[in-house]
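Read the structure below first, then the notes.
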Amino acid sequence: MIDEDERKLQVSISLPRRELVLVDEYARCHNITRSEAVRQLMSVTLEVFESRDPNVELAKAERKILDKQTELKQLQYMRDTLKGRIQ
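The numbering used here numbers the first residue of the sequence shown as 1 and each following residue consecutively.
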């Protein structure tokens with residue numbers, strides 16, 4: 001199975017000039033790349049959102065259930081395949 005941390009998505013964004021200047025300043029102050037600055041700022045914003053929205057916890061729980069159901073189906077398929085080879 002793929003770990004949660006291994007699932008990555010590339011995102012392209014457009015920022016107004018003022019915000020780009022702020023991102024560049026943040027990156028310069030922390031001695032990081034612009035991309036890393038955007039990642040850090042997004043992570044902080046999403047953590048705040050997560051802590052304030054109860055639906056996020058529900059969505060996480062539903063995702064875990066779906067992952068476990070998928071894993072169960074894969075294991076059942078493997079069991080049935082191996083059972084067929086033995087017989």
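Where is the CB? At the ideal position from N, CA and C, for every residue including glycine. Keep in mind that this is a model prediction, so the values were computed, not measured.
| Check | Outcome |
| --- | --- |
| The alpha helix (DSSP H) enclosing residue 54, as first and last residue numbers | 54-86 |
| Contact set for residue 169: own chain, Cβ-Cβ below 6 Å, skip 5 residues either direction | Lying before the first or after the last residue shown, residue 169 is absent from the chain, which here runs from 1 to 87. |
| Beta-carbon spacing of residue 50, residue 44 below 8 Å | no |
| Residue span of the alpha helix (DSSP H) that contains residue 9, given as start and end | Segment: none, residue 9 is in no alpha helix (DSSP H) and carries neither H nor E. |
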